[in-house]
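Chemist: Residue numbers for the sequence shown follow the working numbering, beginning at 413 and rising by one.
A virtual CB, placed ideally from N, CA and C, is assigned to each residue, including glycine.
Remember, predicted model here, so these are calculated numbers, not experimental data.
What follows is a single structure, and I will ask about it in a moment.
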Amino acid sequence: MTQPYTFDPLPEPVVGPGEFVFAAVGLDHGHVHGMTEGLLDAGATVSLVYDPDPAKVADFLRRFPQARAAASEEEVLGDPDVRLVASAPVAADRGPLGVRVIEAGKDYFADKPALTTFDQLEAAREATARTGRIFAVYYGERVHSEAAILAGQLIDRGAIGTVLQVASFGPHRVGTGRPDWFFDPDRYGGVLCDIGSHNFEQMLFYTGATDGEIVSATVANYAHPETPGLQDFGDAHVVLDNGMTGYVRVDWFTPDGFPVFGDGRTLILGADGYLELRKNIDLATDNGPGQVLLANGDGQFRFDAQGKTGFPFFGRLIRDCIDRTETAMTQAHAFKAAELSIQAQTAARVLAG
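This is the structure we're talking about:
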């Protein structure tokens with residue numbers, strides 16, 4: 413069936429070489445590489461990188477040889493050419509680093525979860541309000557997923573009418589060689605704060621809500637007694653301020669025989685149809701990742717999102733830093749997704765494994 417939808421043009425670089433310089437500080441999570449690639453593709457220039465672990469710096473420089481190793485965090489924060497700091501240290505360290513970056517007069521781009529406690533959230537809100545600086549968050553499962561971006565364009569075009577509910581599932585694989593902090597909830601933030609932050613952001617984005625209430629939440633360690641600090645399961649039910657609802661389930665139960673880290677899926681129910689996003693894999697098919705399924709009054713459609721949308725978030729973030737605008741993501745939205753994540757984690761009932 414011929415589908416009746418067209419999509420936005422692919423994004424192009426928004427600045428020329430050397431026009432927007434950024435640095436990377438804190439390399440504990442590999443997401444920093446994806447963040448860096450996104451900024452580079454949008455035209456930014458990476459100049460410096462710092463982490464106390466020389467091995468992590470060396471790995472970064474192999475991927476991005478145009479950067480130079482800094483001797484300290486202070487060297488990066490004191491460099492007048494650096495306008496933005498991208499960061500993915502241990503989760504509990506991201507918020508305090510962000511405040512230091514903002515106090516140094518620069519904008520900040522943190523991996524999720526960017527904030528793990530209410531005190532960190534309050535400090536970040538105060539710093540951004542006082543300085544006008546940006547504390548951006550890499551909610552990669554939406555802003556760095558073409559399936560998620562294409563779904564947003566379909567919703568904007570009225571393909572499913574008013575969005576009523578967003579249900580999202582974020583399974584991951586524990587794997588081997590994880591660092592000690594991965595098993596300490598005070599360091600990684602807990603499963604709903606960590607993985608779940610992606611999903612709370614999507615609830616807000618797709619429904620257009622600005623706030624929500626955690627109706628119920630649970631966490632558990634069902635199958636990893638050797639690491640009691642790991643929460644291998646979590647879920648939450650949210651009622652949003654516009655009357656719509658959200659549900660999230662996250663876990664560390666991707667089986668070893670699976671070819672990707674997790675079968676991430678999002679189901680978006682609208683008044684006139686629904687969408688299913690099969691972000692990482694279309695199970696037991698050769699369709700590949702990035703599949704978007706649509707059913708509505710016009711029929712049923714499948715979209716392969718790969719190469720269809722690009723990742724406009726990164727260029728918009730660069731322009732926001734230059735123009736002092738909020739086109740990539742509002743500061744209120746970034747913080748509210750973090751707040752719901754922390755609320756759900758704090759309120760969660762701990763189930764016996």
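#1: Please identify the residue among ILE754, ALA756 and THR678 whose C-alpha is closest to the C-alpha of PHE559.
#2: For ASP453, is the beta carbon positioned less than 7 Å from some heavy atom of the ligand ZN?
#3: Alpha carbon to alpha carbon, what distance is there between ASP463 and LEU473?
#4: Decide if GLN703 is buried, meaning its Cβ has at least 16 other Cβ atoms within 10 Å, or exposed.
#5: Beta strand (DSSP E) containing TYR417: first to last residue?
#6: Tell me whether PHE530 is buried or exposed, calling it buried when 16 or more other Cβ atoms sit within 10 Å of its Cβ.
#7: For ALA749 versus TYR551, is the C-beta spacing smaller than 8 Å?
#8: Please classify ARG690 as buried or exposed, where buried requires at least 16 other C-beta atoms within 10 Å of its C-beta.
#9: Quick check for students: name the residue ranges of the alpha helix (DSSP H) that lie wholly in the region 488–575, counting only runs of 4 or more.
#10: Check ASP623 in the structure and name its three-state DSSP category.
#11: Since ASP644 contacts ASN633 with CB under 8 Å, what's their CB separation in whole angstroms?
#12: What number of angstroms, rounded off, separates the C-alpha of THR380 from the C-alpha of GLN743?
#13: Do you know whose CA, among ARG542, LYS524 and GLN577, lies nearest MET656's CA?
#14: Within the same chain, show all residues whose beta-carbon is closer than 6 Å to that of THR757, passing over the 5 residues directly before and after it, in chain order.
#15: Would you mind sorting GLY682 into buried or exposed? The rule is 16 or more other CB atoms within 10 Å of its CB.
#16: Between which two residues does the beta strand (DSSP E) carrying ALA707 extend?
#17: On the premise that ALA526 lies in contact with ARG506, defined as a C-beta separation below 8 Å, what is that separation, rounded to the nearest angstrom?
#18: Going by C-alpha to C-alpha distance, which of ILE754, ARG728, LEU763 and THR721 sits closest to ALA557?
#19: In the structure shown, what three-state DSSP assignment does PHE434 receive?
#20: Is it a yes or a no for the region 508–520 touching the region 533–547, going by three-plus beta-carbon pairs under 8 Å?
#21: Just checking my contact of GLY624 with VAL660 at CB under 8 Å: how many whole Å lie between their CB atoms?
#22: So, is THR588 buried or exposed, given that buried needs 16 or more other C-beta atoms within 10 angstroms?
#23: On the criterion of 16 or more Cβ atoms from any shown chain inside 10 Å, does SER628 qualify as buried, or is it exposed?
#24: Note the first and the last residue of the continuous alpha helix (DSSP H) segment covering ASP732.
#25: Using the C-alpha atoms, what's the distance from ALA470 back to VAL672?
#26: Does DSSP classify GLU424 as helix, strand or coil?
#27: With a 10 Å radius around its C-beta and 16 neighbouring C-beta atoms as the bar for buried, classify THR404 as buried or exposed.
#28: Going by DSSP, name the residue or residues bridged to ASP716.
#29: Considering only residues of the same chain and omitting the five flanking positions on each side of LEU763, which have a CB-CB separation below 6 Å?
#30: Run through DSSP, which three-state label would GLY450 get?
#31: Using the rule of at least 16 other Cβ atoms within 10 Å of the residue's Cβ for burial, across every protein chain shown, is ASP598 buried or exposed?
#32: Can you check DSSP and say which residues form a bridge with THR457?
#33: Using DSSP with H/G/I as helix, E/B as strand and the rest coil, what is GLY689?
#34: Quick one: residues in its chain with C-beta nearer than 7 Å to the C-beta of THR639, no 5 flanking neighbours on either side, listed in chain order?
#35: Flag this pair as yes or no: are the beta carbons of GLY700 and GLN718 separated by less than 8 Å?
#36: Quick one: is LEU422 buried, meaning 16 or more other Cβ sit within 10 Å of its Cβ, or exposed?
Modeler: Quick answer:
#1: It should be noted that the sequence gives Ala, not Phe, for residue 559. Comparing C-alpha distances from ALA559 to each of ILE754, ALA756 and THR678 shows the shortest one belongs to THR678.
#2: In the structure on display, the ligand ZN does not appear, and there are no ligands present to speak of.
#3: When rounded, the distance between both Cα atoms is 12 Å.
#4: With a threshold of 16 other beta carbon atoms within 10 Å, GLN703 meets it and is buried.
#5: Note, TYR417: premise wrong, no beta strand (DSSP E); not H, not E.
#6: Burial call: exposed.
#7: At a Cβ-Cβ threshold of 8 Å, ALA749 and TYR551 count as neighbours.
#8: By the C-beta density criterion, ARG690 is buried, having at least 16 other C-beta atoms within 10 angstroms.
#9: If we require 4 residues or more, the alpha helix (DSSP H) runs fully inside the region 488–575 come out as 503–515, 530–543, 552–555 and 558–568.
#10: In the structure shown, the three-state DSSP call for ASP623 is coil.
#11: A Cβ-Cβ distance of about 6 Å is found for the pair ASP644 and ASN633, placing them in contact under the 8 Å criterion.
#12: The requested residue 380 is not part of the displayed model; the chain covers only 413 to 765.
#13: Among ARG542, LYS524 and GLN577, the Cα nearest to that of MET656 is on GLN577.
#14: Correcting the residue type first, residue 757 is Gln in the shown sequence and not Thr. So the list reads GLY602, LEU604 and CYS605, once near-sequence residues are dropped.
#15: The residue in question, GLY682, is buried, as its Cβ has 16 or more Cβ neighbours within 10 Å.
#16: Segment 703–708, the beta strand (DSSP E) holding ALA707.
#17: Confirmed, Cβ separation roughly 5 Å.
#18: According to the sequence shown, residue 557 is Ser rather than Ala. Closest option to SER557, Cα to Cα, is THR721.
#19: Reduced to three states, the DSSP call for PHE434 is strand.
#20: Touching, per the Cβ criterion.
#21: About 11 Å separates the two Cβ atoms, so there is no contact after all.
#22: Residue environment for THR588: exposed (fewer than 16 other C-beta atoms within 10 angstroms of its C-beta).
#23: Exposed is the call here.
#24: Where ASP732 is concerned, the enclosing alpha helix (DSSP H) starts and stops at 724–735.
#25: Their Cα atoms are separated by approximately 26 Å.
#26: In this structure, GLU424 counts as coil in the three-state DSSP scheme.
#27: Residue numbering for the chain in the displayed model covers 413 to 765; residue 404 lies beyond these limits and cannot be assessed.
#28: Looking at the DSSP assignment, ASP716 forms a beta bridge with GLN703.
#29: Taken in chain order, the residues that qualify are THR630 and ALA632.
#30: Note: GLY450 maps to helix in three-state DSSP.
#31: Its Cβ having fewer than 16 others within 10 Å, ASP598 is exposed.
#32: Partner(s): VAL433.
#33: Per the sequence shown, the amino acid found at residue 689 is Leu instead of Gly. Looking at LEU689 - three-state DSSP - the assignment turns out to be strand.
#34: Its chain contains PHE595 as the residues whose beta carbon lies nearer than 7 Å to that of THR639, once the 5 sequence neighbours on both sides are disregarded; these appear in chain order.
#35: In contact: GLY700 and GLN718 (Cβ atoms closer than 8 Å).
#36: The C-beta of LEU422 has fewer than 16 other C-beta atoms within 10 Å across all chains shown, which makes the residue exposed.
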